[in-house]
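These protein sequences, in sequence, are chains A and B.
Number 360 in my numbering belongs to position 232 of the first sequence; there are no gaps in the numbering.
Number 192 in my numbering belongs to position 64 of the second sequence; there are no gaps in the numbering.
2 protein chains.
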Amino acid sequence: MTRLHVAFQGERGAYSEAAAIAFFGDSVQPLPHNDFDGVFEAVATGQAERGVLPVENSLAGSIHRNYDLLLRHELFIVGEVQIPIAHQLIALPGVTLGDIKKVYSHPQALAQCERSITRLLPHAERVVTYDTAGSVKMIKEQNIADGAGLASQRAADIYDMHIVQPDMQDDAENYTRFVIVAREPVVPTGEVKTSIVFSMNNVPGSLFKSLAVFALRDIDLTKIESRPLQGKRWQYFFYIDFIASQYEERGRNALNHLREITSYLKVLGSYPRGV
Amino acid sequence: MTRLHVAFQGERGAYSEAAAIAFFGDSVQPLPHNDFDGVFEAVATGQAERGVLPVENSLAGSIHRNYDLLLRHELFIVGEVQIPIAHQLIALPGVTLGDIKKVYSHPQALAQCERSITRLLPHAERVVTYDTAGSVKMIKEQNIADGAGLASQRAADIYDMHIVQPDMQDDAENYTRFVIVAREPVVPTGEVKTSIVFSMNNVPGSLFKSLAVFALRDIDLTKIESRPLQGKRWQYFFYIDFIASQYEERGRNALNHLREITSYLKVLGSYPRGV
Chain A
129 MTRLHVAFQG ERGAYSEAAA IAFFGDSVQP LPHNDFDGVF EAVATGQAER
179 GVLPVENSLA GSIHRNYDLL LRHELFIVGE VQIPIAHQLI ALPGVTLGDI
229 KKVYSHPQAL AQCERSITRL LPHAERVVTY DTAGSVKMIK EQNIADGAGL
279 ASQRAADIYD MHIVQPDMQD DAENYTRFVI VAREPVVPTG EVKTSIVFSM
329 NNVPGSLFKS LAVFALRDID LTKIESRPLQ GKRWQYFFYI DFIASQYEER
379 GRNALNHLRE ITSYLKVLGS YPRGV
Chain B
129 MTRLHVAFQG ERGAYSEAAA IAFFGDSVQP LPHNDFDGVF EAVATGQAER
179 GVLPVENSLA GSIHRNYDLL LRHELFIVGE VQIPIAHQLI ALPGVTLGDI
229 KKVYSHPQAL AQCERSITRL LPHAERVVTY DTAGSVKMIK EQNIADGAGL
279 ASQRAADIYD MHIVQPDMQD DAENYTRFVI VAREPVVPTG EVKTSIVFSM
329 NNVPGSLFKS LAVFALRDID LTKIESRPLQ GKRWQYFFYI DFIASQYEER
379 GRNALNHLRE ITSYLKVLGS YPRGV
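Given below as structure tokens:
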């Protein structure tokens, strides 16, 4: 059996890889990429059958970069998965807290562990890497004995490294939601979520009218966010997730109705609602 | 005349300080603080008459931390101001691009200049500091000749440092919106914006009903965002800004109506709409 190739941003052991395994299971073939553009490219060219992209963190909010890329590329959301984020302080075997002069990780992870670092390592320099797991890989490859990375338990396992201090995140309720993207849409069954982006001419009550198309059909929303349109002050994109399928009558009618009142609408995909 | 004391997060030359000056004018007395908690504390205790807090960036989205603090503290939003963010690469006089081995700044600024850094300084280490202007101050104080900071033009001026490369931000359309907080609310005139946070029991159509209270009164919204309630999956906080005053009939009626259907509602403040 051919294994499913799944592209993700980061090194082996990244949270995106954990999300891919949570969604597809252990048999998946993860394909690490340096940046999100690389993930889109890999799926678009067929090098990978699927891509995994973080879109929202419970502390940091929406990851706008990936929404921008979803607008620019012709890929479809075919699934979603949410995983807890727990950052471990990871170093070479034998390294203790007292040895650590530098903490390496992705800017987001460094920010999420700010208070823990200040408490445990008040004099440590915080160095940005492009990936959480990548910081652990680098420490191992360059044999950095006075540094530690912030990354997942999985990263410690993969690179055979040592957890100096577990659960460094300042806030325990830290979840990231990922979407699965593919070249072709799926026609999902069961409870279905649909993700859309739209904008409209800025007339009073226009957002209300756009939400009416869902409320009039008893369609529930699970996400709504306005985002200023770049270069156009006081105009907005809206990101909405709703519980219905674009391939069923209720969802299709809502989208047709929405097209009447929006100046731009893109359906990112309909997919089974994750747990 | 006593100068108005305005607390902000960061060192002298931070974007928050620029926002304070854009709002209050040059005569203001800026009071730098290490973190956002310190800003809230300074205003709550009367050490400062006003605080300036970033709440939303056009690229990175809402700054949830400050919304959390606004919920926890009894301060009021009394104004808003939006400023462009332009990051300069700043070093000691005489330092050129070829000398720079480390780039220091706030994680957000490092992220916003990622492509520029990779292009101009492919081998530079990126080191996190707690503040953009603080990185410039540190380079000066510690006389770091192989490093540069990412901060505002203002930071270069204040610390008498040299701009090695201007406009490092990857995306030119980079704005941050700040709110002004005080111990006492204001009763604003002219075009007024009101900021609220609320949550509701998760019944289908509940968000639509909550927006109906504004639409039924022809009140326009300028921001809406759902945010998952921590520890309660599928329940949400909603952040909304609308154009009306809580001290006038239309806005007051809308808020009274909203209280009927929400499980939690906090009015953060009514204030003159910024430009």
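Positions of the beta carbon are idealized from the N, C-alpha and C atoms, including for glycine.
Q) At which residues does the alpha helix (DSSP H) containing N194/B begin and terminate? A) Numbered from 1 along the second sequence, position 66 holds the residue referred to as residue 194/B. Residues H192 to R200.
Q: Please confirm if Q192/A has its CB atom under 8 Å from at least one CB of chain B.
A: To locate residue 192/A, count along the first sequence from 1; it is residue 64. According to the sequence displayed, residue 192/A carries His and not Gln. It does: the Cβ of H192/A has a partner Cβ on chain B nearer than 8 Å.
**Q.** Segments of 3+ residues assigned as beta strand (DSSP E) that fall wholly inside the stretch 242-279 of chain A
**A.** 253-256 and 275-279
Q. Which full runs of the alpha helix (DSSP H) of 4+ residues lie inside the stretch 220-245 of chain A, going along the chain?
A. 235-240
Q) E312/A: which of G166/A, N271/A, G189/A and I205/A sits nearest, CA to CA? A) As a working note, residue 312/A is residue 184 in the first sequence. When each option's Cα is compared against that of E312/A, the closest is I205/A.
Q. From the beta carbon of V256/B, is the nearest beta carbon of chain A less than 8 Å away?
A. By 1-based counting over the second sequence, the position of residue 256/B is 128. It does: the Cβ of V256/B has a partner Cβ on chain A nearer than 8 Å.
Q | Pick from Y367/A, G402/A, I324/A and R305/A that is closest to Q374/A, judged by C-alpha positions | A | The residue given as residue 374/A occupies position 246 in the first sequence. Comparing Cα positions, the closest option is I324/A.
Q. Going by the beta-carbon positions, is the gap between S334/A and F326/A smaller than 8 Å?
A. One-based indexing of the first sequence puts residue 334/A at position 206. One-based indexing of the first sequence puts residue 326/A at position 198. No; because the gap between Cβ atoms is not below 8 Å, this pair is not in contact.
Q | Proximity winner among K351/B, A261/B, A188/B and H192/B, relative to S144/B (alpha-carbon distances) | A | Start at 1 with the first residue of the second sequence, and residue 144/B comes out as number 16. Among K351/B, A261/B, A188/B and H192/B, the Cα nearest to that of S144/B is on A261/B.
**Q.** Residues from the stretch 202-235 of chain A in contact with chain B, defined by Cβ distance under 8 Å
**A.** P235
Q: Could you list which residues in chain B have their beta carbon closer than 7 Å to that of I272/A, in chain order?
A: Counting from 1 along the first sequence, the entry for residue 272/A is found at position 144. Here the premise fails: no neighbours, minimum Cβ distance about 12 Å.
Q) Going along chain A in order, which residues have a C-beta closer than 9 Å to the C-beta of E253/B? A) Reading the second sequence from its first residue, position 125 is the one you call residue 253/B. Near E253/B (Cβ distances below 9 Å), the residues of chain A are V255 and V256.
Q) Is there a Cβ from chain B that is less than 8 Å from the Cβ of I352/A? A) Numbered from its first residue, the first sequence carries residue 352/A at position 224. Answer yes: the Cβ-Cβ gap between I352/A and chain B drops below 8 Å somewhere.
**Q.** Y232/B beta carbon less than 8 Å from that of V209/B
**A.** Within the second sequence, residue 209/B is the residue found at index 81, counting from 1. Within the second sequence, residue 232/B is the residue found at index 104, counting from 1. No; because the gap between Cβ atoms is not below 8 Å, this pair is not in contact.
Q. In terms of residues, what are the limits of the beta strand (DSSP E) holding R131/B?
A. Here residue 131/B refers to the residue found at position 3 of the second sequence. Where R131/B is concerned, there is no enclosing beta strand (DSSP E), given that its DSSP letter is neither H nor E.
Q) Does the separation of the CB atoms of L198/A and D165/A fall below 8 Å? A) Here the question's residue 198/A lines up with position 70 in the first sequence. Here the question's residue 165/A lines up with position 37 in the first sequence. In this structure, D165/A does not lie closer than 8 Å to L198/A by Cβ.
Q. For A343/A, which residues in chain B fall below 7 Å Cβ to Cβ?
A. Start at 1 with the first residue of the first sequence, and residue 343/A comes out as number 215. By Cβ distance, chain B contributes G333 and F336.
**Q.** Integer Cβ distance of I218/A from G138/A, believed to fall under 8 Å
**A.** To locate residue 218/A, count along the first sequence from 1; it is residue 90. To locate residue 138/A, count along the first sequence from 1; it is residue 10. Not a contact, Cβ separation roughly 14 Å.
Q) Would E189/B count as contacting chain A if we go by Cβ distances under 8 Å? A) As a first step, residue 189/B is located in the second sequence; it is residue number 61 there, counting from the start. One point to set straight first is that residue 189/B is Gly, not Glu, in the sequence displayed. Interface residue, yes.
Q) Would DSSP call Y375/A helix, strand or coil? A) The residue given as residue 375/A occupies position 247 in the first sequence. Correct three-state label for Y375/A: coil.
Q. What does A239/A touch in chain B if you count any residue whose Cβ is under 7 Å from its own?
A. Your numbering for residue 239/A matches position 111 in the first sequence. Ordered by position in chain B, the residues that pass the 7 Å Cβ test against A239/A are P235.
Q) If we cut at 8 Å on Cβ distances, does L339/A have a partner in chain B? A) Walking along the first sequence from the start, residue 339/A turns up at place 211. Closer than 8 Å to some Cβ of chain B, the Cβ of L339/A qualifies, so yes.
(Q) If I measure Cβ to Cβ from L357/A and keep anything under 7 Å in the same chain, skipping five residues before and after, which residues do I get? (A) The sequence position of residue 357/A within the first sequence is 229, counting from 1. Same-chain partners within the cutoff: S327, Q363, Y364 and F365.
Q. Of the residues N162/B, A172/B, L203/B and V156/B, which one's Cα is nearest the Cα of L132/B?
A. For the purposes of this step, residue 132/B is identified with residue 4 of the second sequence, where counting begins at 1. Checked all of N162/B, A172/B, L203/B and V156/B; the closest Cα to L132/B is V156/B.
**Q.** Bounding residues of the beta strand (DSSP E) (the contiguous stretch that carries V180/B)
**A.** On the second sequence, residue 180/B is found 52 positions in, with the first residue counted as 1. Counting along the chain, the beta strand (DSSP E) containing V180/B begins and ends at R178 to N185.
Q: Kindly confirm or deny that the stretch 164-178 of chain A and the stretch 276-290 of chain A touch, where touching means at least three C-beta pairs closer than 8 Å.
A: no
Q) In chain A, which residues lie with their C-beta within 7 Å of the C-beta of L349/B? A) Position 221 of the second sequence, counted from the first residue, corresponds to residue 349/B. L335, listed in chain order.
Q. P316/A: which of Y392/A, R305/A, M296/A and S398/A sits nearest, CA to CA?
A. Along the first sequence, read from residue 1 onward, the residue named residue 316/A stands at position 188. Among Y392/A, R305/A, M296/A and S398/A, the Cα nearest to that of P316/A belongs to S398/A.
Q: Return helix, strand or coil for S354/B, following the three-state DSSP convention.
A: Sequence index remark: in the second sequence, residue 354/B carries index 226 (1-based). Three-state result, S354/B: strand.
Q. By the 10 Å Cβ neighbour count, where 16 or more other Cβ atoms means buried, how is K394/B classified, buried or exposed?
A. Within the second sequence, residue 394/B is the residue found at index 266, counting from 1. It counts as exposed.
Q. Three or more beta-carbon pairs under 8 Å between the stretch 232-252 of chain B and the stretch 263-280 of chain B, yes or no?
A. yes
**Q.** Secondary structure of T304/A, DSSP reduced to three states
**A.** For the purposes of this step, residue 304/A is identified with residue 176 of the first sequence, where counting begins at 1. Looking at T304/A - three-state DSSP - the assignment turns out to be strand.
Q: Taking 8 Å as the threshold, find out whether the stretch 294-304 of chain A comes into contact with the stretch 265-274 of chain A through three or more Cβ pairs.
A: no
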